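Student:
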Amino acid sequence: MNCTGTRNGKIDYLRGISILLVLFHHFNIAYRLDDTFLSRVFGWEAVRAVARNGNYGVAMFFVISGYLITANAMRRWSELGLVDVRAFYGLRIARIVPCLLLLLAVVNALAGAGIAIFQNHSPTGTPVSFWLVNLASLTFWMNVLVGSHGWTNYALGVLWSLSVEEMFYLSFPLLCLAFRREVRLVAVWLACIVLGPVYRYFHQGDDGGYLYAYFACFDAIAIGCYTAQLTRRVVWRGRAQTMLTWLAAAGMTFVYLSWPIGASNVFGVTAIAFGTAAFMLAARRTDGTANPRTHGSAVLEAFARLSSEGYMVSVNHILRRG
3 MNCTGTRNGK IDYLRGISIL LVLFHHFNIA YRLDDTFLSR VFGWEAVRAV
53 ARNGNYGVAM FFVISGYLIT ANAMRRWSEL GLVDVRAFYG LRIARIVPCL
103 LLLLAVVNAL AGAGIAIFQN HSPTGTPVSF WLVNLASLTF WMNVLVGSHG
153 WTNYALGVLW SLSVEEMFYL SFPLLCLAFR REVRLVAVWL ACIVLGPVYR
203 YFHQGDDGGY LYAYFACFDA IAIGCYTAQL TRRVVWRGRA QTMLTWLAAA
253 GMTFVYLSWP IGASNVFGVT AIAFGTAAFM LAARRTDGTA NPRTHGSAVL
303 EAFARLSSEG YMVSVNHILR RG
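Take 3 as the starting number for the sequence shown in this note's numbering and just add one per residue.
So this is what it looks like as structure tokens:
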């Protein structure tokens with residue numbers, strides 16, 4: 003939703019693409035797509051180029067999430083310095099906790115029933131209890147657990163991205179009230195944006211560091227927050243709007259397909275995040291009307307509205323079938 007309260011279909015469309023990229027990545031892990039219809043039609047190299055970089059889809063989702071959180075906060079309270087902390091946390095709890103508790107109940111039940119894919123494993127040789135996995139899920143440090151012990155529980159390990167998001171948003175209203183002035187908040191976001199590639203650079207060779215750590219991911223969310231602020235001042239129209247959209251799409255596609263994320267993550271995440279931000283700047287409607295929709299975009303938009311809930315449930319469905 004944009005600052006005016008009118009839902010922007012293009013942002014839903016982009017969010018749908020980001021989620022599909024992540025699901026395709028997980029699908030390839032569960033099933034392997036090298037001997038499938040897709041590989042026979044498009045070639046395994048092309049399929050692998052899309053499937054291997056699903057974490058860039060997460061970066062896109064982080065940008066969109068930061069944008070929407072900030073835009074909605076500005077719409078509700080007019081200024082970020084006026085954010086109602088209790089209301090903000092209440093909205094986050096209402097959105098996240100019910101689905102999270104349901105997911106934990108289902109995974110724990112299936113693990114208790116003896117279905118191996120939902121049970122804990124010891125990829126690093128150190129056993130981890132289900133109590134610890136559940137605690138990490140509920141208190142938003144699953145990314146830390148994955149980084150230190152590997153994918154101990156693959157079905158719940160996907161909650162690493164939720165952990166990053168919610169830890170960022172835990173501080174969001176507090177920072178808004180502490181700094182109040184927009185320029186100070188922007189300075190905090192810019193610090194996160196600069197820190198991201200630096201952190202990833204010093205954690206090369208450690209996927210728990212450059213993929214899942216808080217400071218390896220906060221830059222994408224911060225870029226989304228800053229983009230929401232920019233939409234109040236920067237408006238692209240006509241040919242400039244179209245050109246920005248196509249340039250962003252072309253740049254993101256080039257970065258996504260050219261290298262595996264292990265080789266390009268330092269600035270690749272930054273590039274994907276800024277491309278997503280540019281796309282959203284170009285997608286902003288100035289007349290308050292909805293974006294034109296096609297049948298294809300309508301399906302993606304509907305899927306995107308499920309956002310995190312649909313992602314968590316879909317990944318676990320893939321695992322169950324695998």
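We put the CB at the ideal spot given by N, CA and C, even for glycine. Computed from a predicted model, the values in this text were never measured in an experiment.
In three-state DSSP terms, what is N55?
Tutor: In this structure, N55 counts as coil in the three-state DSSP scheme.
Student: With a cut-off of 8 Å, do at least 3 Cβ pairs link the stretch 268-282 to the stretch 243-259?
Tutor: Yes, the stretch 268-282 is in contact with the stretch 243-259.
Student: Where do the ends of the alpha helix (DSSP H) carrying D14 lie?
Tutor: D14 -> alpha helix (DSSP H) spans G11 to Y33.
Student: Nearest to A61 by CA position, among T278, Y228, A115 and M282, is which residue?
Tutor: If we check each option's Cα against that of A61, T278 comes out closest.
Student: Between which two residues does the alpha helix (DSSP H) holding P100 run?
Tutor: It spans V87 to G114 - the alpha helix (DSSP H) in which P100 sits, taken as one unbroken run.
Student: Mind pulling the alpha helix (DSSP H) runs of 4 or more residues that sit fully within the stretch 209-260?
Tutor: Here the runs fully enclosed are 209-212, 216-232 and 240-260.
Student: By alpha-carbon positions, which one of W191, L213 and A111 ends up nearest to V146?
Tutor: V146 has its Cα closest to that of L213, out of W191, L213 and A111.
Student: Rounded to the nearest angstrom, what separates G11 and R239 at their Cα positions?
Tutor: Approximately 17 Å, taken between the alpha carbons.
Student: Helix, strand or coil for L161? Go by DSSP, reduced to three states.
Tutor: DSSP places L161 in coil when its eight states are reduced to three.
Student: Using C-beta distances below 7 Å, list every residue in its chain close to S165, excluding the 5 sequence neighbours before and after it, in chain order.
Tutor: Closer than 7 Å at Cβ, skipping near neighbours: F142, W143, M144 and N145.
Student: Are the beta-carbon atoms of Y58 and G270 separated by less than 9 Å?
Tutor: Cβ atoms of Y58 and G270: closer than 9 Å.
Student: Under a three-way DSSP split, which group does I117 fall into?
Tutor: Coil at I117, not helix or strand.
Student: Rounded to the nearest angstrom, how far is the Cβ of L35 from that of A53, given a contact under 8 Å?
Tutor: Their Cβ separation, rounded to whole angstroms, is 6 Å, which keeps L35 and A53 in contact under 8 Å.
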